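Undergrad: Structure below; questions to follow.
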Amino acid sequence: MTNDHRNTDFSSDEIRRQLRSVDRMNTSAMPQWRSALGRLFGDESISTEQRAVALGVPSPTRRDLFRMGGASILGAALLAACGDDDKSATTTAAPGDTVTPSDTPTTVPVNMDLVLAKTAASLEKLAVDAYGIAAGLITTPAILQAATMFAGHHQLHLDALNGVITGAGSTAVTEMNQAVFDALVKPALDAATTEADAVTIALTLEEAAAQTYVYAGGALSTPALRSTIMTIGGVEARHAAVLRMAALAQSPLDVFPDGRGFFPGDNPLAGIDGALITA
0 MTNDHRNTDF
10 SSDEIRRQLR
20 SVDRMNTSAM
30 PQWRSALGRL
40 FGDESISTEQ
50 RAVALGVPSP
60 TRRDLFRMGG
70 ASILGAALLA
80 ACGDDDKSAT
90 TTAAPGDTVT
100 PSDTPTTVPV
110 NMDLVLAKTA
120 ASLEKLAVDA
130 YGIAAGLITT
140 PAILQAATMF
150 AGHHQLHLDA
160 LNGVITGAGS
170 TAVTEMNQAV
180 FDALVKPALD
190 AATTEADAVT
200 IALTLEEAAA
210 QTYVYAGGAL
220 STPALRSTIM
230 TIGGVEARHA
240 AVLRMAALAQ
250 SPLDVFPDGR
260 GFFPGDNPLA
270 GIDGALITA
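Per numbering that gives the first Met the number 0, the sequence shown starts with residue 0, numbered consecutively.
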């Protein structure tokens, strides 16, 4: 990965025009996103699994993986953190969206709403931090502007999730999902040497996020929630489209070592211990 494969014909002016458009799109979507999160976690008729679908993370009460194309690796990462049947106690759903290990009845039940919200928040923080690290390789002003803006959008999404978390009496998430970062993103960033590498990493993260929200929108039955989730997914897709304007000639396989990464294929992450944020 010693060559920068950006297409030199791309237009910085066009990128900036697209950035203005996607920024307006995200600004317009944020009130809907905050409202949707409030409804998602405030409506007792919405199940843990429905909340998990909307956030693009697996329900810890299930043993099978959600299949979301490229985004399924996120589900695999988080679900595996619940443990397998040979190493962990079986969990069962309890009233109030909590889960208690069946063989340790004295254990304090885990609030599944907070588990899902914190896990989603930790992944948004991962995106923010990944952009910050990748920015060290970006030299084209328009692309650096895009990275800075997109990190800001993910920070806004994180802030909205933290509003739900603190509203439930818990502590806001301020650290990235270290388990997912160490297993997937850090090896790619460590191996990155060019601007093209950095942009490809960001692109694959954005495409995985977009696919997650598209899946969630298709799975939800509530029109308002479905519309909002699809709108946020549209923001992530626009992020990816702008990054593609850098005309990358690389695939995720070029920048994620050992065939592991946020991309469609036969290598979804089978397990990352500690990826589910339960504390």
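Note that beta-carbon positions come from the ideal geometry of N, C-alpha and C, so glycine has one too. Because the structure is a prediction, the values reported are computed rather than measured.
Can you tell me which residues form a DSSP beta bridge with Asn161?
TA: DSSP lists no partner for Asn161.
Undergrad: Locate the alpha helix (DSSP H) running through Ile132, then write down its first and last residues.
TA: 111 to 133
Undergrad: Quick check on the burial criterion: 16 or more other C-beta atoms within 10 angstroms. Buried or exposed for Glu174?
TA: exposed
Undergrad: Measuring only the C-alpha atoms, how far is Asp63 from Gly55?
TA: Only weak support is given to the placement of Asp63: the predicted model assigns it a pLDDT of 38, under 50, and the value that follows is read from those uncertain coordinates. About 14 Å.
Undergrad: Specify the secondary structure class of Glu174 as computed by DSSP and reduced to three states.
TA: coil
Undergrad: Please report the distance separating the alpha-carbon of Gly166 from that of Ala119.
TA: 16 Å
Undergrad: Grouping DSSP H, G and I as helix and E and B as strand, with all else coil, what is Ala223?
TA: helix
Undergrad: Can you check which of these residues, Arg16, Leu18, Gln17, Phe40, is closest to Leu160 by C-alpha distance?
TA: Phe40
Undergrad: State the Cα-Cα distance for the pair Ile137 and Val198, rounded to the nearest angstrom.
TA: 8 Å
Undergrad: To which residues of the same chain is His152 closer than 6 Å at the C-beta, ignoring the five residues directly before and after it?
TA: Asn25
Undergrad: Shortest alpha-carbon distance to Asp196 belongs to which of Arg225, Gln210, Leu242, Thr221?
TA: Leu242
Undergrad: Roughly how far, in whole angstroms, is the beta-carbon of Glu235 from the beta-carbon of Ala208, given that I think they are within contact range, below 8 Å?
TA: 4 Å
Undergrad: Does Gly168 pass the burial test, meaning 16 or more other C-beta atoms within 10 Å, or should it be called exposed?
TA: exposed
Undergrad: With 16 as the cutoff for other CB atoms within 10 Å, does Gly135 come out buried or exposed?
TA: exposed
Undergrad: So which of Thr203, Ala182, Thr230, Ile200 has the shortest CA-CA distance to Tyr214?
TA: Thr230
Undergrad: Excluding the 5 residues preceding and the 5 following Ile45 in the sequence, name in chain order all residues of the same chain whose CB lies nearer than 7 Å to its CB.
TA: Hits under 7 Å: Leu39.
Undergrad: Nearest to Gln49 by CA position, among Glu206, Gln31, Ser220, Thr211, is which residue?
TA: Ser220
Undergrad: So is Val179 in contact with chain C if we call contact Cβ pairs under 7 Å?
TA: Judged by its chain identifiers, the structure shown contains no chain C, having just a single protein chain.
Undergrad: Report buried or exposed for Ala223, applying the criterion of at least 16 other Cβ atoms within 10 angstroms of its Cβ.
TA: exposed
Undergrad: Quick one, are the C-beta atoms of Ser20 and Ala141 less than 7 Å apart?
TA: no
Undergrad: Whose C-alpha, out of Gly162, Val184, Glu205, Ser121, is nearest the C-alpha of Pro279?
TA: Any question about residue 279 goes unanswered here, given that the chain covers just 0 to 278.
Undergrad: In three-state DSSP terms, what is Ser46?
TA: coil
Undergrad: Out of Pro186, Lys124, Gln144, Ala145, which one is the CA nearest neighbour of Asn176?
TA: Lys124
Undergrad: What is the DSSP secondary structure of Val56, reduced to helix, strand or coil?
TA: coil
Undergrad: Between Ala129 and Asp22, what straight-line distance do the alpha-carbon atoms span, to the nearest angstrom?
TA: 19 Å
Undergrad: Report all residues from its chain with a CB closer than 7 Å to the CB of Met148; omit the five preceding and five following residues, and keep chain order.
TA: Leu18, Asp22
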